[in-house]
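Residue numbers (this note's numbering), protein chains in the order written: chain A, 43 to 398; chain B, 58 to 313.
Here it is, written out as structure tokens:
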């Protein structure tokens, strides 16, 4: 009895330890990698969102990067993701509304791209219409004002390309090239776009000091009776500098763009848009979902004395009947100087984020 | 060898066939449900923004954000033996997060109380310490002592003098008086809660905690939203009033 059991056991071990067959040996296994998470993020935030079905790999990120900068995705090969999301501008452009294929103009300001893996609710775009980075990457390719293409054409072009078939094979194995693989690769690259080395990050790490004016600006930012920016835009313990939630910040009394309301169908969401991160403001003008403000001064003036009331205005907007909290000229100047300490020029110049 | 295997099997059977006394020590599933109400009316996410509730002061209130921290959650038996349930929970009514909480624990049958702190006691209110709360943007500025909000309750109100809906931010934190920044005064205004007479018998346990939101505005201090509506975080006296009113917010549902 025992001898039989022992024999069976060895047979099982032998079978489970069998060598790879010849087919397996031909399959390239992509090299899995982890995000390079800044220490501050690691200490202060929960883990970034990496889907289990789209782990980061060296090959996937490299492919995503190539696709991101390649106009092959657009109908007439003229527009790439980078056209509206330029690394030298923190992955936005400096236009009020981005220009797509054939000079067509959109209706929203292009959002900068960084720290996307820390959008914990995974609701992307100004109105949160895209749930997950992968789904977000689907939309621009077929949008008539952006790339105006169809996925079948994209797949055909990629399959017939001299380099892409091998790159897809290395990243994803022998799966036919299609839209799913394209958006997976782009999302992998986008998740690597991490900005965490601004002056304020260095200050928090004890590597530099803030000027008196910058420190005063932080105080204006953090005081509920002054700027009260922190309730929506993070704080030194939340280095994302956004809550990634949706608010009506008093831009209009009536809405030509319903924002979140158009997505949910709930009139209580009309006029609500996602809080953008305050990182890299030095590079991302103009501001707001419709790019209406050209300068940071205009933005600060809006919150200080330009608020407009509406049924869905966020309760965090204060003294609306006076247009806002009416910051002093000095407080405004200090706040602006502080905000600029959140800009990270290393992010702009990171060689891993440039056109390959 | 076979004899030895037989003896071993018999021994295992004897050990696994335990007495009734051991059954009592089996792990039980404890479910704590937080049922939000305004007086006797259940409040859910669906009531946000649109539904109007009336306060003791006859202010009409709509809710847009309601989230709070409970910490140091324990079940305590008649002999003051404590069973940890959770270090802390961020409960978010609008996002329907942590409205129900489950944990497996070994409990002896008997009478228990569910004890917790609304917010964090000073000892636990450690600035920047909790990554999930940082990620949820629940922090308090260091100029106000740092740490975390106890509660963020935002909405709009109207009354006979404020006829257009106006925002309020009923944000509870540790009371801080910073009129003299060089000598700030802090006071722990977290609220210890003890919900008693929970009978634990054989089987799983369901504890329904009623969270009566209306109590924030009425007991013992009738809240006037015309005077206390926004910028309450640095208002030391307002924080003390909130703390007093919070004592009656939580109760045990009779069906528990």
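Cβ atoms here follow ideal geometry from the backbone N, Cα and C, with glycine treated the same way. A quick note: this is a predicted structure, and the numbers were derived from the prediction, not measured.
With 16 other Cβ atoms within 10 Å as the buried cut-off, status of residue i
i	result
residue 293(A)	buried
residue 100(B)	buried
residue 247(A)	exposed
residue 279(A)	buried
residue 106(A)	buried
residue 169(B)	buried
residue 226(A)	buried
residue 147(A)	exposed
residue 354(A)	buried
residue 83(A)	buried
residue 84(B)	exposed
residue 272(B)	buried
residue 366(A)	buried
residue 201(A)	exposed
residue 269(A)	buried
residue 401(A)	Beyond the ends of chain A as shown, which are 43 and 398, falls residue 401(A); an answer cannot be given.
residue 311(A)	buried
Alpha-carbon spacing of residue i relative to residue j, whole angstroms
i	j	result
residue 349(A)	residue 154(B)	32 Å
residue 160(A)	residue 259(B)	44 Å
residue 130(A)	residue 391(A)	7 Å
residue 240(B)	residue 293(B)	14 Å
residue 251(B)	residue 108(B)	31 Å
residue 66(A)	residue 214(A)	Annotation note: pLDDT 45 at residue 66(A) (below 50); position unreliable, coordinate value reported separately. Straight-line Cα distance between these residues: approximately 14 Å.
residue 318(A)	residue 284(A)	6 Å
residue 184(B)	residue 376(A)	25 Å
residue 308(A)	residue 163(A)	19 Å
residue 124(A)	residue 332(A)	19 Å
residue 258(A)	residue 243(B)	22 Å
residue 275(A)	residue 341(A)	14 Å
residue 237(B)	residue 181(B)	25 Å
residue 303(A)	residue 316(A)	12 Å
residue 106(B)	residue 188(A)	35 Å
Residue i: first and last residue of the uninterrupted beta strand (DSSP E) it sits in
i	result
residue 265(B)	262 to 269
residue 232(A)	It is not in any beta strand (DSSP E) - residue 232(A) instead sits in the alpha helix (DSSP H) that spans 221 to 233.
residue 387(A)	No beta strand (DSSP E) holds residue 387(A); the alpha helix (DSSP H) holding it covers 387 to 391.
residue 227(B)	223 to 229
residue 168(A)	Residue 168(A) -> no beta strand (DSSP E), and no H or E assigned at all.
residue 208(B)	208 to 215
residue 167(B)	167 to 175
residue 141(B)	139 to 149
Cβ shell of residue i (< 8 Å), same chain only, five flanking positions each side left out
i	result
residue 246(B)	176, 207, 229, 230, 231, 232, 296, 297, 299, 300
Residue-level contact to chain A via CB, residue i, 8 Å cutoff
i	result
residue 241(B)	no
residue 290(B)	yes
residue 185(B)	yes
residue 198(B)	yes
residue 103(B)	no
Residue-chain proximity (residue i, chain B), Cβ-Cβ < 8 Å
i	result
residue 450(A)	One cannot answer for residue 450(A) here, as it falls past the ends of chain A, which runs 43 to 398.
residue 266(A)	yes
residue 252(A)	no
residue 277(A)	yes
residue 88(A)	yes
residue 242(A)	no
residue 169(A)	no
residue 288(A)	no
residue 378(A)	no
residue 245(A)	no
residue 157(A)	no
residue 272(A)	yes
Opening and closing residue of the alpha helix (DSSP H) in which residue i lies
i	result
residue 177(A)	175 to 184
residue 199(A)	193 to 201
residue 243(A)	241 to 246
residue 300(B)	293 to 303
residue 107(A)	100 to 110
residue 213(A)	206 to 214
residue 345(A)	338 to 347
Close Cβ partners of residue i (< 7 Å) along its chain, the five nearest in sequence each way excluded
i	result
residue 80(B)	Only weak support is given to the placement of residue 80(B): the predicted model assigns it a pLDDT of 47, under 50, and the value that follows is read from those uncertain coordinates. Answer for residue 80(B): no residue qualifies.
residue 152(A)	126, 127, 134, 135, 140
residue 162(B)	84, 85, 87, 140
residue 272(A)	263, 264
Neighbourhood of residue i by C-beta, 6 Å cutoff - its chain only, sequence neighbours within 5 removed
i	result
residue 74(A)	97, 99
residue 130(B)	142, 143, 173
residue 63(A)	Residue confidence for residue 63(A) is low, a pLDDT of 44 falling below 50, so the modelled location carries little weight and cannot support an answer.
residue 282(B)	116, 214, 225
residue 230(A)	98, 102, 103, 106
residue 81(A)	none
residue 90(B)	157, 265
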